[in-house]
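Anchor point for the sequence shown: position 370 equals 381 in the working numbering, and the numbering is continuous, going up by one each time.
Input: a single structure, listed below in structure tokens.
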Amino acid sequence: MKVLLVSPEIAPLAKTGGLADAVGALARALVDLGCEVTLVMPAYRTILENNSQLEETGMEVEVPVAGRSMRGVILRTWIGKKLPAFLIRADSYFLREGLYGNAKGDYADNAERFTFFGKATLELARRTAPWDVIHCNDWQTALIPVLKKVHSQSYGEIQKTKVLFTIHNLAHHGDFPFSSWNLLDLDMQYFTPRYLEFYGNINLLKGGMLFADALTTVSKKYAGEIRTPEWGCGLDGVIRDREKDLYGILNGVDYQEWNPETDPHIKKNYKAKNLIGKKICKKDLQEIYGLPVKASVPLVGMVSRLADQKGLDILIEAMEDLMHLDLQLVILGAGDQRYQALLDGLPGKYPEKIGVKIGFDNALAHKIEAGADIFLMPSKFEPCGLNQMYSLKYGTIPVVRATGGLDDTIEDYNPSSGSGNGFKFSGYSGATLLEAVKRSIAVTYNRKAWRQLMAKAMACDFSWGKSAKEYLALYRKLAETPILKR
């Protein structure tokens, strides 16, 4: 099985968020199953400056973009010994400070940048054929299934290749004004509500969803949620039309990076049978945030983008009541300026109760997973979520809202039977969040019950092996299915 796995970001080469982690880890797990995987992504500045293993391939591609012929140079590198990655170098598009934008916002020419990337990837796929499946991820790759199907005569070498499109977050549409239409090399018949038109704009994600041979998203619960007007982001009709082609496959966790027994970022490694190291990590975390070192006080951690999607509005709503509970709270994150400002002012108001660090620090994120007793994820919606699965491995009990992948991975704790691995709440409000936190704190006072809950959490296995097997089975199913016209 030969798979071309295409993404705008892939760890460890370039990363802005969970997409990179998911694609990189899936690729490695597929290779372990004997799948022949090749990665494709743009050659960003961060890769060119920090990767000494880049190889010239001698290949170049030229593709039309808005009437101009744009050239890309194909480089290659390796992740480990068995996973090759093609990098499409076009410095006018990708030799920039950030992957999608800078401090001022998204780049104004993102439509052109990723139109070029999609066309260049198709040309690369044609030149390096045969492939059984091209697996695309998120809106930046969505033009690939569109152009492959619309201009199938131009891609004879990959005409029988199937395209799988994964939606990591339906809220990220790749919406652009009609003025960008000339970039796409598509007839006007495709700028209609049936195809890529979306309230007067171009919606690349919609195109990918319509023209791919099959769709996946990153949890079974989220696959169901996005069929509804409430969570479908205006595209629920498209999802319902393609319901039989949609599969929910849970993202896994890379336990090579997220494992308290081997984690190089934490103060003291530990395992389920010996939790002394976790106590040391808690003390270290309290000191980092300038909080009183109190072993008996429940320490709640949160690592998050500071945005409405992540439940920051209900966290702020509940904050005063939370600060009156027997707990300490540490937060790491960046995002909306209003939330940054609100959170930044809280340590001055509650100096012994809360610590806040604005920004992202990977090492500190690991320290929070190891040092906290409880991990808070009150998301409004969460396609998959990874931190709740990291937390389980570290014996840090998740308190989550029952949505998307959070609902799929966390079973609500039942004090009578001892079943469950965390705490869930359904209603989206500060009051329901507060009640769930109270329930979790109450269990910490029963040391035996809490230890049993920690042991159960640490025994959970969300490694990529199971998810990769599901993807491999889907690839095989696709490869055996005749191509349908749209």
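Cβ coordinates follow ideal geometry from the N, Cα and C atoms, glycine included.
Those residues which DSSP pairs with residue i across a bridge
i, result
"Leu343", "Val314, Lys368"
"Ile145", "Leu15, Val174"
"Trp89", "Pro95"
"Ala225", "Leu175"
"Ile408", "Ile385"
"Phe189", "Bridge partners of Phe189: none, in fact."
"Ala25", "Ile21"
Euclidean distance between Cα positions of residue i and residue j
i, j, result
"Gly218", "Leu154", "7 Å"
"Gln339", "Gly322", "19 Å"
"Leu65", "Leu86", "6 Å"
"Lys273", "Met469", "Checking the displayed sequence, the identity of residue 273 turns out to be Thr instead of Lys. Near 14 Å, if we compare the C-alpha coordinates of Met469 and Thr273."
"Ala38", "Arg487", "16 Å"
"Thr152", "Phe125", "7 Å"
"Asp355", "Ile369", "8 Å"
"Gly83", "Gly129", "12 Å"
"Gln463", "Leu286", "12 Å"
"Gln237", "Leu181", "Residue 237 is actually Ile in this sequence, not Gln. Ile237 and Leu181: Cα-Cα distance of roughly 8 Å."
"Leu317", "Ala306", "28 Å"
"Lys435", "Asp419", "11 Å"
Selection from the options that minimises the alpha carbon distance to residue i
i, options, result
"Pro19", "Lys13, Met12, Thr27", "Thr27"
"Ser230", "Ile452, Pro394, Asp423", "Pro394"
"Asn193", "Trp269, Ala114, Arg79, Thr239", "Arg79"
"Ile99", "Gly69, Gly112, Ala77", "Gly69"
"Val34", "Pro493, Asp418, Thr443, Ala479", "Ala479"
"Ile90", "Phe128, Asp43, Arg82", "Asp43"
"Tyr166", "Tyr233, Leu133, Pro95, Gly83", "Leu133"
"Glu168", "Thr139, Asp149, Asp186, Asp247", "Thr139"
"Leu41", "Gly109, Ser474, Tyr456", "Ser474"
"Ser380", "Leu106, Ile250, Glu268, Val76", "A small correction: the amino acid at residue 380 is Glu; Ser does not occupy that position in the sequence shown. Out of Leu106, Ile250, Glu268, Val76, Glu268 has the C-alpha closest to the C-alpha of Glu380."
"Ala453", "Cys147, Ala442, Ile385", "Ile385"
"Lys391", "Lys171, Tyr456, Glu241", "Glu241"
"Tyr258", "Leu489, Ala22, Ala25, Pro409", "Leu489"
"Glu73", "Thr88, Phe127, Ser103", "Phe127"
Contacts around residue i, its chain only, beta-carbon distance under 8 Å, and the 5 residues preceding and following it disregarded
i, result
"Glu47", "Met12, Lys13, Val14"
"His179", "Gly29, Leu30, Ala33, Asn148, Asp149, Thr228, Val229, Pro394, Cys395"
"Glu254", "Arg238"
"Glu298", "Val304"
Residues near residue i in its chain [Cβ-Cβ closer than 6 Å; skip 5 each side]
i, result
"Ala223", "Pro156, Val174, Phe176"
"Glu282", "Position check: residue 282 holds Lys in this sequence, whereas Glu was assumed. Within the same chain, Lys282 has close Cβ partners Glu272."
"Gly112", "Tyr118"
"Lys294", "Val304"
"Ile21", "Ala31, Val34, Gly35, Leu50, Met52"
Residue i - DSSP class collapsed to helix/strand/coil
i, result
"Val157", "helix"
"Thr49", "strand"
"Asn214", "strand"
"Val34", "helix"
"Leu232", "According to the sequence displayed, residue 232 carries Lys and not Leu. In this structure, Lys232 counts as helix in the three-state DSSP scheme."
"Thr492", "coil"
"Ile58", "helix"
"Phe128", "helix"
"Leu257", "strand"
"Gly441", "helix"
"Asn457", "coil"
Min CB distance residue i to chain B below 9 Å
i, result
"Leu158", "The structure shown contains no chain B; it is built from a single protein chain."
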